[in-house]
Amino acid sequence: MGWNRQKKLYDWFIAGFCVLYLTTFIVVTVFVNPDYTFETVLIRSASTLAVLLLHIILSIGPLSRINKKFLPLLYNRRHLGVTMFCIAAVHGVFGIIQFHSLGNVNPFVSLFTSNTNFFSLSGFPFQALGFFALIIFFLMAITSHDFWLHNLSPKVWKTLHMFVYLGYFLIVMHVMLGVIQYETHPVFVLLIAAGALWLISLHLVAGRKEVKKDSQKFDVAKEGFVQVCNVNDFEEGRAKIFCIDAERIAVYKHDNKLYALHNVCKHQGGPLGEGKIIDGCITCPWHGYQYLPQNGQSPPPFTEKVSTYDLKIIDSKVWLNPIPFAEGIERPGAIINE
Amino acid sequence: MLLFLFPVAIVVALLLASFQKRFSSSNFEFGTLTQIKGIYINEPIPVLKVIAGKDIWGNASYITIPLVGYGKHGAVTAIMELEKEKNTTFNSKELTLKGTLLYSNGKTLLQFNKDENPVVNIGSTADSSLLPVKKDLGTQTIKGEIIDPKCYFGVMKPGEGKVHRDCAIRCILGGIPPVLKVTNAKGEKNYYFIVGPNGEPMNEAVRDYVAEPVSINARVVQQDDWIILYVADKKFTRISGISLYKSSTEIASCVGDCMK
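Top line first, the protein sequences correspond to chains A and B. In terms of the numbering used here, the first sequence opens at residue 351 and continues consecutively. In terms of the numbering used here, the second sequence opens at residue 1099 and continues consecutively.
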């Protein structure tokens, strides 16, 4: 759960991605436009990179639900979010300095009073939309640390962070009512439209998959146990998720045994069943919180616990009892090959 | 796994950077101060008329350099403060000012900072033959985009259009005189200062029309090498961008003739 190698690699990836984008954008701009100015290149490269990162951030959730190969992207998504905010802030701060400083009123007053054409689509003051989006990203960035998660409670925290979708909408409108009305080449409007279409499609596909998964019927029940799948369906160190009586249960395969735990991580409600076993612990894909498979407890000194469930294997069929044990109660698991 | 995003970064950056509108060739000599000597004229727009010898017909050769203040401020208030400080008036006198040049498309402006002792010398009143020559070109309807000349001619790229609209409004509200940019069918651009019917500032009146295609009915007056639009009814009409392009030919060609 600490600052492990994977998180360091993730951060190096983020830095590499940003440097690669900025370098390409700046070099091409300088080459194509010898009359460029530093501040305009900075404002444009930062804004376009931030919008690209926002699309990646919003794609990670549904992508990792559709295909587990994308789970590494989910692992440290908050660092990607904070990076996106910092880059968007460069755009915002330099934009305000460029367009609103050294005037006859305070730059923030100028931001909201220069253009007051709120009832015109072509004349709409699009900069204000970007400002409000930046405020949302700022609130998300400063509350991204676990300190705020514990103090705000996971529910409030998660609700706050769902505002990223409002932020995205504001950014799309900021672009559509701003630069799209200035630039003449269709690539700009095509890219922003393709981005929106991509995100909407991804969320619909992932949502449909979740609904389908949750609506799976388990007809065969015996002594409180429900037949869920075949024992050969499991991959070592990975889980399958079953939704029984509106509760999601993660069944993990580890060291020739199957273990069942409540699917919801105590940290931020992450899907434990979409994670994997690292160092003998079930590791949440969102932020790396870990639980022991046999009792659902975080290894000491951590204190998080989730409910456990009973399992058994009969003739290669996996049977799961959906009645939970209290959080942290040890269960023996089901041996696969006796 | 994460590395598959690297080509995405390169492709998106390449597309967006390659297809940006071309940056204008305007210049702002940031950090460089230049001394300009000319005849100061305060109405309707504060300018320095710089005499540069004589042309082949023996007439005075000159360029008119409009003045703007520091940041998003016009020159009028700053000049008044400097006049008070020097205890004299500048109008029609030979004035040497120190400031930063900005120029593009054949137009040059001078930014000066009143807090940096911009007045190098105040000379005598200029000979009346050197004062601005005005020629009334009649009343015309002209279509174009209202810009702030300081950003457009040098300080900002872009200094026009929707993305620059807030800045242009702030500059104009700060006292920088509005300019109508007119583009003819050939893509040639002409620039006209906008003032009220009696030469008074129109800065507040244009704020809702900045960076949009507008039509203006005005008395057109050539003042040396600039055109001034005296907007009779102080009214502006929004028009579509296509109309702006097609119908601006008339005044553009007129100005071409006038300049001959």
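Even for Gly, the Cβ is constructed at its ideal location relative to N, Cα and C.
Query: For I406 (chain A) and F1104 (chain B), the rounded distance between their alpha carbons; Result: 12 Å
Query: Under 7 Å from the C-beta of F367 (chain A): neighbouring residues of chain B; Result: L1103, F1104, A1107
Query: Span separating the alpha-carbon of A589 (chain A) from that of E597 (chain A); Result: 16 Å
Query: Residues that P1256 (chain B) contacts on chain E, provided the C-beta gap is smaller than 9 Å; Result: As a matter of chain content, chain E is missing from the structure shown, whose protein chains are A and B.
Query: Where H1262 (chain B) falls: helix, strand or coil (DSSP); Result: helix
Query: Pair within 8 Å by beta-carbon distance, V1277 (chain B) and I1245 (chain B); Result: yes
Query: Y532 (chain A): first and last residue of the uninterrupted beta strand (DSSP E) it sits in; Result: No beta strand (DSSP E) contains Y532 (chain A), which DSSP labels as neither H nor E.
Query: Given 8 Å, three or more beta-carbon pairs between the region 474–489 of chain A and the region 431–440 of chain A; Result: yes
Query: Integer Cβ distance of Q448 (chain A) from E389 (chain A), believed to fall under 8 Å; Result: 6 Å
Query: Rounded separation between K1205 (chain B) and T379 (chain A) - CA only; Result: 26 Å
Query: C-beta atoms of K616 (chain A) and C593 (chain A) nearer than 8 Å; Result: no
Query: DSSP state of S460 (chain A) mapped onto helix, strand, coil; Result: helix
Query: Nearest-angstrom Cα separation, counted from M526 (chain A) out to I542 (chain A); Result: 8 Å
Query: Start and end residues, alpha helix (DSSP H) containing E1179 (chain B); Result: 1174–1184
Query: Reduced DSSP secondary structure (H/G/I, E/B, other) of T1335 (chain B); Result: strand
Query: Residue from A:K607, A:E573, A:G453, A:E654 whose Cα sits closest to the Cα of F584 (chain A); Result: A:K607
Query: R1317 (chain B): first and last residue of the uninterrupted beta strand (DSSP E) it sits in; Result: 1311–1321
Query: Min CB distance E1179 (chain B) to chain A below 8 Å; Result: no
Query: Coarse secondary structure for L1195 (chain B), derived from DSSP in three states; Result: strand
Query: Own chain partners of I364 (chain A) with C-beta closer than 7 Å, once the 5 adjacent residues on each side are dropped; Result: H429, L430, T433
Query: Alpha carbon of A676 (chain A) to alpha carbon of N687 (chain A), nearest angstrom; Result: 28 Å
Query: Neighbourhood of A571 (chain A) by C-beta, 8 Å cutoff - its chain only, sequence neighbours within 5 removed; Result: Q577
Query: Beta-carbon proximity list for Y518 (chain A), same chain, < 7 Å, skipping 5 on both sides; Result: L404, L408
Query: Inter-stretch contact at 8 Å, needing at least 3 Cβ pairs: the region 1289–1305 of chain B / the region 1269–1276 of chain B; Result: yes
Query: Segment contact, 8 Å Cβ cut-off, at least three pairs: the region 626–639 of chain A with the region 1108–1115 of chain B; Result: no
Query: Residues, ordered as in the chain, of the region 474–506 of chain A that lie near chain B by beta-carbon distance below 8 Å; Result: P475, F476, Q477
Query: Run of the alpha helix (DSSP H) containing R428 (chain A), from where it starts to where it stops; Result: 427–450
Query: Sub-8 Å separation of P1311 (chain B) and K1260 (chain B) beta-carbons; Result: no
Query: Own chain residues within Cβ distance below 6 Å of S451 (chain A), not counting five before or after; Result: P457
Query: Spatial distance of T1175 (chain B) from T1162 (chain B) (CA atoms); Result: 20 Å
Query: Members of the region 449–460 of chain A that neighbour chain B once the beta carbon cut-off is set at 7 Å; Result: F449, H450, L452, G453, N454, S460
Query: Reference I663 (chain A); option with closest CA among A:Q644, A:I673, A:T633, A:N582; Result: A:N582
Query: Residues, ordered as in the chain, of the region 408–426 of chain A that lie near chain B by beta-carbon distance below 9 Å; Result: K419, F420, L421, P422, L423
Query: For D496 (chain A), the three-state DSSP class (helix, strand or coil); Result: helix
Query: Closer than 8 Å to chain B by CB, S551 (chain A); Result: no
Query: Limits of the alpha helix (DSSP H) - the one that K508 (chain A) falls within; Result: 504–511
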